[in-house]
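Count along the sequence shown starting at 1, add 5, and that's the number in this note's numbering.
Scroll down for the structure; my scribbles are underneath it.
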Amino acid sequence: MHIIVLIKQVPEMDKVLFDSEKGRVDRKSAGVEVNPFDLNALETAVGIKEKTGAEISVLSMGPSRAEEALKEAVARGADNAYLLNDQQFAGADTIATSASLAAAVETIGDYDLIIAGEMSVDGDTAQVGPQTAEFLNINHAAYVSELISVEEDEIEIKTSLWQANYSKTFTYPLLITVTKDINTPRLPSFKDKMKARKAEVKLLTFEDIKNKVKIDEVGFKGSPTWVDNIVVPEEISRKTKVFTEEEKESAYKKIKELLIEKNLMED
């Protein structure tokens, strides 16, 4: 079995600053890390590897420094690492990103299962996983919280979204996105970290995937959406009135009068 795990290097969101003049996140204001949800995806793959002997490849699209994230993934149990890096991919929205990742997956080839985190903490769209599956024309299941069973030719998963839960069996190839509830990622050992420093990260440029995707489908050219501006919500002072239990009757009357006054309720 060959598993491909999609990972992304993201800013440390608890430290990153916002550039109000440019209307965007200042990515240089904080360090970077592997997207936390993607660590759950990788741990899921490692768990399968330990039971079945599966081979794990990790794939990321990003700048050269994303090699750090890929080497961390190797330290955590991945066997192969691929970085999709080219100026042609710059400015990609989730659709162009998904098209590029799908082309890279097809270029790597011979896969059974693709695992991704449910979303990235710097985007929160949860779109890239399912869209990648659509470009690959394969089945996908989002918000997977448990692997019930993993067999050579099929996998049974449990999906949880709010109060809705369902279980379903799929044959391969399949893409799943996993939630943080599926596991607790283990830390790599010092020995594995040192070994991963020498790991080879295979670079994929547009030239390597051009037979799988058109130039006008990647990067800014292939992006039907873009971020025009980001603003920080203005703080609004609000008047607060607290009613005690003893004032229940008068509170009802005063609140009703206020709603009528604001044309939010008819008398």
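We put the CB at the ideal spot given by N, CA and C, even for glycine.
Predicted, not measured: the structure shown is a model, and the values here were computed from it.
**OP:** Starting from residue 212, trace the alpha helix (DSSP H) both ways and give me its first and last residue.
**Re:** Counting from one through the sequence shown, the residue named residue 212 turns up at place 207. That run of the alpha helix (DSSP H) goes 211–214.
Subject >> Cβ-Cβ distance between residue 180 and residue 143 below 8 angstroms >> reply: Indexing the sequence shown from 1 puts residue 180 at position 175. Indexing the sequence shown from 1 puts residue 143 at position 138. Going by C-beta atoms, residue 180 is nearer than 8 angstroms to residue 143.
Subject >> Pairwise C-alpha distance: residue 96 and residue 17 >> reply: Reading the sequence shown from its first residue, position 12 is the one you call residue 17. Reading the sequence shown from its first residue, position 91 is the one you call residue 96. Their Cα atoms are separated by approximately 21 angstroms.
Subject >> 8 angstroms contact criterion, which residue 64 and residue 35 should meet: CB distance rounded >> reply: Taking the first residue of the sequence shown as 1, we reach residue 64 at position 59. Taking the first residue of the sequence shown as 1, we reach residue 35 at position 30. Wrong, their Cβ atoms sit about 24 angstroms apart, outside the cutoff.
Subject >> Which listed residue (45, 165 and 30) has its alpha carbon closest to that of residue 185 >> reply: Walking along the sequence shown from the start, residue 185 turns up at place 180. Nearest C-alpha to residue 185: 45.
Subject >> Touching by the beta-carbon criterion (3+ pairs, under 8 angstroms), the stretch 40–57 and the stretch 76–94 >> reply: yes
Original post:
Along the chain, where does the alpha helix (DSSP H) that runs through residue 45 open and close?
Top reply: The count along the sequence shown starts at 1 and reaches residue 45 at position 40. First-last of the alpha helix (DSSP H) with residue 45: 41–57.
Subject >> Extent of the continuous alpha helix (DSSP H) run through residue 133 >> reply: Within the sequence shown, numbered from 1, the residue matching residue 133 stands at position 128. Taken as a continuous stretch (DSSP letters only), the alpha helix (DSSP H) holding residue 133 covers 133–141.
Subject >> Coil, strand or helix - residue 31 by DSSP >> reply: Here residue 31 is taken as the residue at index 26 of the sequence shown, counted from 1. Looking at residue 31 - three-state DSSP - the assignment turns out to be strand.
**OP:** Note down, in chain order, each residue of its chain lying with its Cβ closer than 7 angstroms to the Cβ of residue 104, except the 5 sequence neighbours on either side.
**Re:** For the purposes of this step, residue 104 is identified with residue 99 of the sequence shown, where counting begins at 1. 140, 218, 222, 223 and 227.
**OP:** Report the partner residues of residue 16 according to the DSSP bridge assignment.
**Re:** Here residue 16 corresponds to residue number 11 of the sequence shown, with the count starting at 1. The partner list for residue 16 (beta bridge, DSSP) reads 37.
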